[in-house]
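Visitor:
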Amino acid sequence: MAAVRFVPDPQGIDPKTVKYHKLANGAKLPAVGLGTFGSDRFSGEEIAEAVRGALKVGYRHIDCAAVYANEHLIGPVLKEAIDGGLPRKELFITSKVWNNMHGDGDVLLSCAKSLKDLQLDYLDLFLVHWPFPNFHAQGVSVDSRDPHAKPYIHAEFMKVWRQMERLVDMGLVKAIGTSNVTIAKLKLILRDARIKPVVNEMEQHPHFQQPELFQFCLDHKIRPIGFCPIGSPTRPDRDKTETDTVDIEDPVIKKIAARLNVHPAVVCIQWAVQRGQVPIPFSVRANEYASNLKCATEDRLTAEEMKELAGIDKKCRLIKGQVFLWNTAKGWEDLWDENGTIAQ
Ligand SMILES: NC(=O)c1ccc[n+]([C@@H]2O[C@H](COP(=O)([O-])OP(=O)(O)OC[C@H]3O[C@@H](n4cnc5c(N)ncnc54)[C@H](OP(=O)(O)O)[C@@H]3O)[C@@H](O)[C@H]2O)c1
């Protein structure tokens, strides 16, 4: 069958005008990416369709993961675009190994499955999704615990990391990185890694800025990728608690949104870009994902507004990770080394 020609949306954004960060391995990471976790609200087909539309409006950076269970639907979209003339080297595709695939040989299997599903012969970035090995069925209550879940054990993590390094050696992935780690864990990983992480994917939005971890990453040539950049307003109810705050209802964000005549979500993305982390907002709506990408083409926030936004951090972690706790853990804080030591 003849390839379907890749036709950019004439109303879209020229990818050449999208800012990027040069990573420690020399690769160019576009300053905004598209998230692909549908928070149980959208089907894999709808998300794959969003990827198709996003490529047409100018996205080149797509954040995927095996656990989102939609890579097999995104793959045909990527293949169609590449076969249709979009050069593979212009794309930056991320995937992640899930917590139940940390065993010997499993990281390679997970990468191979993601490559097959995404219909690619290499990934631009492969991440260890969480530094804790465990298994839980999809959609389980946050109180449920996997009896085999383990805390962070550095020697065990390094076995995972050695497999990640081999994937780079084999040319299957161009770069490797961490996700959901802390400064305490990163210090150990940086000490022992042969190939260092070039990015760390972490929760970052105006109400959860993580300034120390953010700066630590920059100081060590690790580019922060910020997930839930809008404060994940539509995340599953199981991930919501009474004390959570709502970024897009913050008066400072609403005031700036009114000045720019944009949705408060766009202010969150603009802030992330101007601060220096790479946001990966999710949306299946063309008007939303196009306005999110536009944030990577111009700096619209004044220095004064950036200062005001720095002042609204509520230290409100939304993705607490309760479901990954091991049997003897006291609470979700144990996952985040809040006093600087790694809980066992
Ligand atoms: N590494 C990790 O452990 C990890 C964890 C969580 C997430 N992630 C990644 O981060 C991505 C983003 O996180 P997320 O999806 O939880 O949260 P998010 O991007 O903060 O929020 C997504 C929601 O914001 C709304 N939105 C997006 N753009 C908008 C706009 N321009 N105007 C108005 N509303 C807008 C959409 O709501 P409507 O649908 O109602 O329009 C969308 O569902 C995920 O998809 C995933 O790829 C990674």
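First residue of the sequence shown? That's 9 in the numbering used here, and the numbers climb one at a time after it. Positions of the beta carbon are idealized from the N, C-alpha and C atoms, including for glycine. No experiment lies behind these values; they were computed from the predicted model shown.
Give, in chain order, every unbroken run of the alpha helix (DSSP H) that is at least 4 residues long and sits entirely within the segment 221 to 273.
Guide: DSSP runs (the alpha helix (DSSP H)) wholly in the segment 221 to 273: 259 to 268.
Visitor: Mind checking whether the beta-carbon of Val274 lies closer than 6 angstroms to any heavy atom of ligand 1?
Guide: Looking up residue 274 in the sequence shown gives position 266. Yes, since a heavy atom of ligand 1 falls inside the 6 angstroms radius drawn around the Cβ of Val274.
Visitor: Could you name each continuous beta strand (DSSP E) segment of 3 residues or more that falls completely within the segment 67 to 144, going from the start of the chain to the end?
Guide: Listed in chain order, they are 69 to 71, 100 to 105 and 133 to 136.
Visitor: Whole angstroms is fine: what's the gap from Lys184's alpha carbon to Ala35's?
Guide: Looking up residue 184 in the sequence shown gives position 176. Looking up residue 35 in the sequence shown gives position 27. Per the sequence shown, the amino acid found at residue 184 is Ile instead of Lys. Whole-angstrom Cα-Cα distance: 12 angstroms.
Visitor: Do you know how far the Cα of Ile327 is from the Cα of Glu57?
Guide: Mapped onto the sequence shown, residue 57 falls at position 49. Mapped onto the sequence shown, residue 327 falls at position 319. Looking at the two C-alpha atoms, the distance is approximately 26 angstroms.
Visitor: Identify the residues that DSSP records as bridge partners of Asn300: which are they?
Guide: Taking the sequence shown and counting its residues from 1, one reaches residue 300 at position 292. BP columns for Asn300 are empty, so no partner.
Visitor: With a threshold of 16 other CB atoms inside 10 Å of the CB of Asp125, please say whether the residue is buried or exposed.
Guide: Mapped onto the sequence shown, residue 125 falls at position 117. Asp125 should be labelled buried.
Visitor: What would DSSP say about His156, mapped onto helix, strand or coil?
Guide: One-based indexing of the sequence shown puts residue 156 at position 148. Reduced to three states, the DSSP call for His156 is coil.
Visitor: Tell me the rounded alpha-carbon separation between Pro141 and Lys315.
Guide: Position 133 of the sequence shown, counting from 1, holds the residue named residue 141. Position 307 of the sequence shown, counting from 1, holds the residue named residue 315. Their backbone Cα atoms lie some 39 angstroms apart in a straight line.
Visitor: Quick one, which of Arg199, Gly319, Cys72 and Ser299 has its alpha-carbon nearest Ile55's?
Guide: Here residue 55 is taken as the residue at index 47 of the sequence shown, counted from 1. When each option's Cα is compared against that of Ile55, the closest is Cys72.
Visitor: By Cβ distance, which residues of its chain are closer than 6 angstroms to Asp345, with the 5 residues on each side in sequence left out?
Guide: In the sequence shown, the residue the question calls residue 345 occupies position 337. Hits under 6 angstroms: Thr190 and Ala192.
Visitor: Please state whether DSSP places Thr25 in a helix, a strand or coil.
Guide: Numbered from its first residue, the sequence shown carries residue 25 at position 17. Helix, per DSSP.
Visitor: Count the other CB atoms within 10 Å of the CB of Met178; is the residue buried (16 or more) or exposed (fewer)?
Guide: Mapped onto the sequence shown, residue 178 falls at position 170. When all chains shown are included, Met178 counts as exposed.
Visitor: Could you check where the beta strand (DSSP E) with Ile37 kicks off and where it finishes?
Guide: For the purposes of this step, residue 37 is taken as residue 29 along the sequence shown, with counting starting at 1. It should be pointed out that residue 37 corresponds to Leu in this sequence rather than to Ile. Taken as a continuous stretch (DSSP letters only), the beta strand (DSSP E) holding Leu37 covers Lys36 to Pro38.
Visitor: Output the distance between the C-alpha atoms of Asp252 and Phe222, rounded to the nearest integer angstrom.
Guide: Mapped onto the sequence shown, residue 252 falls at position 244. Mapped onto the sequence shown, residue 222 falls at position 214. In a straight line, the C-alpha of Asp252 is about 21 angstroms away from that of Phe222.
Visitor: Return yes when the Cβ of Lys64 is within less than 7 angstroms of the Cβ of Pro16, no when it is not.
Guide: Here residue 16 refers to the residue found at position 8 when the sequence shown is read from its first residue. Here residue 64 refers to the residue found at position 56 when the sequence shown is read from its first residue. Cβ distance < 7 angstroms, so Pro16 and Lys64 count as in contact.
Visitor: Comparing alpha-carbon positions, which option in Leu131, Ala294, Leu42 and Ala337 lies nearest Arg96?
Guide: If you number the sequence shown from 1, residue 96 lands on position 88. It is Leu131.
Visitor: Check Gly52 in the structure and name its three-state DSSP category.
Guide: By 1-based counting over the sequence shown, the position of residue 52 is 44. Residue state, collapsed to three classes: helix.
Visitor: Within 6 angstroms: the Cβ of Phe290 and any heavy atom of ligand 1?
Guide: Reading the sequence shown from its first residue, position 282 is the one you call residue 290. Flag set: Cβ of Phe290 near ligand 1.
Visitor: Measure the C-alpha to C-alpha separation of Asn107 and Phe143 and round it to an integer number of angstroms.
Guide: Taking the sequence shown and counting its residues from 1, the one referred to as residue 107 is at position 99. Taking the sequence shown and counting its residues from 1, the one referred to as residue 143 is at position 135. C-alpha separation (whole angstroms): 7 angstroms.
Visitor: For the beta strand (DSSP E) that contains Met210, what are its first and last residues?
Guide: Mapped onto the sequence shown, residue 210 falls at position 202. From DSSP, the beta strand (DSSP E) with Met210 extends over Val207 to Glu211.
Visitor: For a test of the three-state rule: what should DSSP assign to Gly61, helix, strand or coil?
Guide: Position 53 of the sequence shown holds residue 61. DSSP places Gly61 in helix when its eight states are reduced to three.
Visitor: Quick one: what's got a C-beta closer than 7 angstroms to Cys303's C-beta in the same chain, skipping five residues either side?
Guide: Here the question's residue 303 lines up with position 295 in the sequence shown. Result list for Cys303: Val40, Val274, Ile277, Gln278 and Val281, in chain order.
Visitor: Look at the alpha carbon of Ala201 and the alpha carbon of Arg170, and state the distance between them as a whole number of angstroms.
Guide: Locating residue 201 in the sequence shown gives position 193, counting from the first residue. Locating residue 170 in the sequence shown gives position 162, counting from the first residue. Distance between the alpha carbons of Ala201 and Arg170: 8 angstroms.
Visitor: For the structure I just gave you, are there three or more beta carbon pairs, one from the segment 75 to 86 and one from the segment 47 to 54, closer than 8 angstroms?
Guide: Contact between the segment 75 to 86 and the segment 47 to 54 is present, because at least three Cβ pairs lie under 8 angstroms.
Visitor: Apply the 10 Å Cβ neighbour rule to Ser122 and answer buried if 16 or more other Cβ atoms are within range, or exposed otherwise.
Guide: Mapped onto the sequence shown, residue 122 falls at position 114. Buried, because 16 or more other Cβ atoms sit within 10 Å of the Cβ of Ser122.
Visitor: For Phe342, which residues from the same chain have a beta carbon less than 8 angstroms from its beta carbon, with the 5 sequence-adjacent residues on both sides left out?
Guide: Reading the sequence shown from its first residue, position 334 is the one you call residue 342. The sequence shown places Asp at residue 342, rather than the Phe named in the question. Excluding residues within five positions, the ones whose Cβ falls inside 8 angstroms are Pro159, Leu333 and Ala351.
Visitor: Helix, strand or coil: which one does DSSP assign to Pro287?
Guide: In the sequence shown, counting from the first residue as 1, residue 287 sits at position 279. Strand.
Visitor: Mapping DSSP to helix, strand and coil, what is Lys328?
Guide: Counting from 1 along the sequence shown, the entry for residue 328 is found at position 320. Coil.
Visitor: Determine whether the beta carbon atoms of Val176 and Val115 lie at a separation below 7 angstroms.
Guide: Here the question's residue 176 lines up with position 168 in the sequence shown. Here the question's residue 115 lines up with position 107 in the sequence shown. Result no, Cβ atoms of Val176 and Val115 do not sit closer than 7 angstroms.
Visitor: Which of the three DSSP states, helix, strand or coil, is assigned to Leu317?
Guide: As a working mapping, residue 317 is identified with position 309 in the sequence shown. Helix.
Visitor: Using 8 angstroms for Cβ pairs, my map puts Val206 next to His137. What's the rounded Cβ distance?
Guide: Locating residue 206 in the sequence shown gives position 198, counting from the first residue. Locating residue 137 in the sequence shown gives position 129, counting from the first residue. That belief does not hold up - the Cβ atoms of Val206 and His137 are roughly 16 angstroms apart, past 8 angstroms.
Visitor: Tell me which same chain residues have a C-beta within less than 7 angstroms of the C-beta of Cys324, skipping the five on either side of it?
Guide: Translated into positions along the sequence shown, residue 324 becomes position 316. Excluding sequence neighbours, Cys324 sits near His215, Phe216, Asp252 and Thr253.
Visitor: In whole angstroms, what separates the C-alpha of Gly93 from that of Thr25?
Guide: Position 85 of the sequence shown, counting from 1, holds the residue named residue 93. Position 17 of the sequence shown, counting from 1, holds the residue named residue 25. One C-alpha to the other measures close to 19 angstroms.
Visitor: Report the residue from Asp91, Gly111, Lys30 and Glu173 whose alpha carbon sits nearest the alpha carbon of Leu128.
Guide: Locating residue 128 in the sequence shown gives position 120, counting from the first residue. Of the listed residues, the one whose Cα sits closest to Leu128 is Asp91.
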